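Participant: A single structure is presented below for examination.
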Amino acid sequence: GMGNLQQVSALALNAGIDMDMVGEGFLTTLKKSLQQGKITVAQINNACRLILEAKYKLGLFDNPYKYCDVERSKTDVYTNAHRKFARDVAAESFVLLKNKDGVLPLKKSGKIALIGPLANTKENMAGTWSVATILKNCISVKEGLEDAIGNRAQILYAKGSNIAADSNLEKRGTLFGREINRDNRSEKEMIDEALSVASQSDVIIAALGEASEMSGESSSRSHIDIPHTQRKLLEALVKTGKPVVLVLFTGRPLTLPWEDKNVPVILNVWFGGSETGYAIADVLFGDVNPSGKLSTTFPQNIGQVPLYYNHKNTGRPLGDGKWFEKFRSNYLDVSNDPLYPFGYGLSYSNFEYSDVSVSSKKLKGNQTLTATVTVTNTSKVDGKEVVQLYIRDMVGSITRPVKELKGFKKITIKAGESKQVSFQIKPADLKFYNYNLKFDWEPGDFNIMIGSNSRDVKSVMINLISELFKHSFT
């Protein structure tokens, strides 16, 4: 809207843009703009200098082809050590959203039904934009489970459904060699086969959700629920009365109110990379205790979107614990709450938080506040917990969010053990860009919140007296 390619390229350089990726405006038009006096050599030199400085800091002057070294790749890519690390990282990233009646962890015995279009596909484990991944090297869920149980149990497999009933939609969601080999049988035939397998099994693992290219760049969806044909499969599996474990693949928040109400277990595995299958087995069978937390908010339905934990307050906020109040900010048909809040994630352990204690409730000057909680593992299982610190600036010269994540610590707590977790809160943690675009903080009341997610927190109020405002921190 600002002109043709030459005009906007000159504007971009004048605005401080040093690099033009893909558009090629700099490459093809800057010479002409220079000749016309619209830009200067000094601006081009400055942009080049900043780019070269970045390359220097990355070590590319010492070794410009570091990541294109064939010999190096032989010792660094898909090594046993790196594959183990990838497996560990994947398992740590999974988020346990629900585990009714302690269905998980599963026993490595009996008959286990593995059903779903994402159960036996290597190609979709790494997720979108994993351009250099060797897809055939990825571990499917089926391979991971079979490796974990050996001959101690039996895996009975059925695909159950396609990713989507619409073949064109499925193609759009499985680009770049990520195909799932569409099954041309009818929906009923596939579900019937899945129910036959389920009837022979003690527990059902349903590997469902999005294919790898259904999220990411240029992959928007107008409905963010599990595709309808997969939902029909899941409903049929739940009706069997057998315990159902939903292994959910997704690259975005999905709307899962039916699943949350009706499915006993939901394990969100995102797209875990080349070792996904092994990592899923590690968590399902309890060799790894899940400890991942949501890095985004899951809405109850798409009508709540946009929904995020650090929103600004409204002029008429709904009272705490209320569903609806006339002339307040709320919906008629659903509560304001998300289905799963930012930072949420369960464990096979249970953790209890004490009240928050602070080193002082009134601060001045450049003092540092220490906020502490005691976290107790009340279960019989060792586990890890991500303790999260949120702060709310109660009054500001411009509107402030209702809470902001300011820190987190991941701790390991043995069964029955208690640990103190402390956060040092400094003036820099309270800064924001004010009306004059100055990055600073202001005196007043602050709510200090610590908990297991953005919703479930213990809090205490502190006050930074006006003397503090006289100090400048940079």
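Just so you know, we're using the numbering used here here: the sequence shown kicks off at 1405 and counts up by one. Here a beta-carbon is modelled for each residue, glycine too, at the ideal position from N, C-alpha and C. Just so it is clear, the structure is predicted and the values come from calculations on it, not from any experiment.
(1) Can you look up Lys1807 in the DSSP assignment and give me helix, strand or coil?
(2) DSSP three-state label for Thr1479, please.
(3) Which residues in the same chain have their Cβ closer than 6 Å to the Cβ of Ser1883, if we skip the five residues on either side of it in sequence?
(4) On the three-state DSSP scale, how would you describe Ala1523?
(5) Give a yes or no on whether the C-beta atoms belonging to Thr1718 and Ser1733 are separated by under 8 Å.
(6) Please list the terminal residues of the continuous alpha helix (DSSP H) segment that includes Ala1602.
(7) What separation, rounded to the nearest whole angstrom, lies between the Cα atoms of Ser1876 and Gln1824?
(8) As an exercise, report each continuous beta strand (DSSP E) stretch of at least 3 residues that is fully enclosed by the segment 1630-1717, in chain order.
(9) What is the DSSP secondary structure of Leu1872, counted as helix, strand or coil?
(10) Give me whichever residues DSSP pairs with Asp1849 in a beta bridge.
(11) Suppose only complete runs of 3+ residues qualify. What are the beta strand (DSSP E) ranges in the segment 1754-1787, listed by chain order?
(12) Taking Cβ positions, are Ile1608 and Pro1647 nearer each other than 8 Å?
(13) So, helix, strand or coil for Gln1440, using DSSP?
(14) In the DSSP assignment, what residue or residues form a beta bridge with Thr1816?
(15) Below 8 Å on the Cβ atoms is my guess for Phe1675 versus Met1529; work out the distance and round it to an integer in Å.
(16) What span of residues does the beta strand (DSSP E) with Ala1611 cover, start to end?
(17) Would you check if the distance between the CB atom of Cys1542 and the CB atom of Thr1680 is smaller than 8 Å?
(18) Could you tell me if Val1777 is buried or exposed, where buried requires 16 or more neighbouring beta carbons within 10 angstroms of its beta carbon?
(19) Among the residues of its own chain, which have a CB less than 6 Å from the CB of Thr1772, if the five just before and after it don't count?
(20) Compute the distance between the beta-carbons of Val1760 and Ile1852, then report whether it is under 8 Å.
(21) Measure the alpha-carbon distance for Val1649 versus Ile1706 and round it to whole angstroms.
(22) What is the residue span of the alpha helix (DSSP H) that Val1445 lies within?
(23) Would you list the one or two residues that DSSP bridges to Tyr1837?
(24) Going by the DSSP bridge assignment, what does Asn1503 pair with across the sheet?
(25) For the beta strand (DSSP E) that Ile1559 lies in, which residues bound it at each end?
(26) Out of Thr1701, Glu1457, Ser1751 and Asn1566, which has the shortest C-alpha to C-alpha gap to Lys1784?
(27) Can you name the start and end residues of the beta strand (DSSP E) that Val1799 belongs to?
(28) Based on Cα-Cα distance, which residue from Asp1587, Thr1532 and Lys1515 lies nearest to Ala1602?
(29) In the DSSP assignment, what residue or residues form a beta bridge with Gln1824?
(30) Can you confirm whether the segment 1408-1417 touches the segment 1430-1446 when touching is taken to mean that 3 or more C-beta pairs between the two stretches lie within less than 8 Å?
(31) Along the chain, which unbroken stretches of the beta strand (DSSP E) at least 3 residues long are found entirely within the segment 1727-1754?
(32) From which residue to which residue does the alpha helix (DSSP H) around Ser1413 run?
(33) Using CA coordinates, which residue listed in Thr1532, Leu1500, Asn1418 and Ile1455 is at the minimum distance from Lys1788?
(34) Over the uninterrupted alpha helix (DSSP H) stretch that includes His1486, give me the two end residues.
(35) Roughly how far, in whole angstroms, is the beta-carbon of Leu1652 from the beta-carbon of Asn1672, given that I think they are within contact range, below 8 Å?
(36) Excluding the 5 residues preceding and the 5 following Gln1704 in the sequence, name in chain order all residues of the same chain whose CB lies nearer than 8 Å to its CB.
Facilitator: Reading off the structure:
(1) coil
(2) helix
(3) The chain is shown only over 1405 to 1878; residue 1883 falls outside these bounds and no answer can be derived.
(4) In the structure shown, Ala1523 sits in coil (DSSP, three-state: anything other than H, G, I, E or B).
(5) Cβ distance < 8 Å, so Thr1718 and Ser1733 count as in contact.
(6) Glu1591 to Ser1603
(7) Confidence at Ser1876 is low in this model, with a pLDDT of 41, below 50, so the placement of that residue is unreliable and no value is reported for it.
(8) 1648-1653 and 1669-1672
(9) Low confidence applies to Leu1872: its pLDDT is 42, below 50, so where it sits in the model is not reliable enough to give any reading.
(10) For Asp1849, which the question treats as bridged, DSSP gives the partners Asn1867.
(11) Qualifying beta strand (DSSP E) stretches, in chain order: 1755-1757 and 1773-1781.
(12) Contact: yes.
(13) coil
(14) Lys1788
(15) 7 Å
(16) Val1607 to Gly1613
(17) yes
(18) buried
(19) Sequence-distant partners of Thr1772 (beyond 5 residues in either direction) whose C-beta falls short of 6 Å from its own C-beta, in its chain, are Gln1828 and Lys1830.
(20) yes
(21) About 24 Å.
(22) Val1445 to Lys1461
(23) Phe1843
(24) Residue pairing for Asn1503: DSSP places it in a beta bridge opposite Val1669.
(25) Ala1557 to Ala1562
(26) Ser1751
(27) Looking at the DSSP string, Val1799 is not in any beta strand (DSSP E), and its letter there is neither H nor E.
(28) Closest by C-alpha distance to Ala1602, out of Asp1587, Thr1532 and Lys1515, is Lys1515.
(29) Note: Gln1824 sits in a beta bridge opposite Thr1778.
(30) Flag = yes, the segment 1430-1446 and the segment 1408-1417 touch.
(31) none
(32) Leu1409 to Asn1418
(33) Leu1500
(34) Asn1484 to Ser1497
(35) 5 Å
(36) Same-chain partners within the cutoff: Thr1659, Pro1661, Val1738, Ser1739, Asp1741, Pro1742 and Leu1743.
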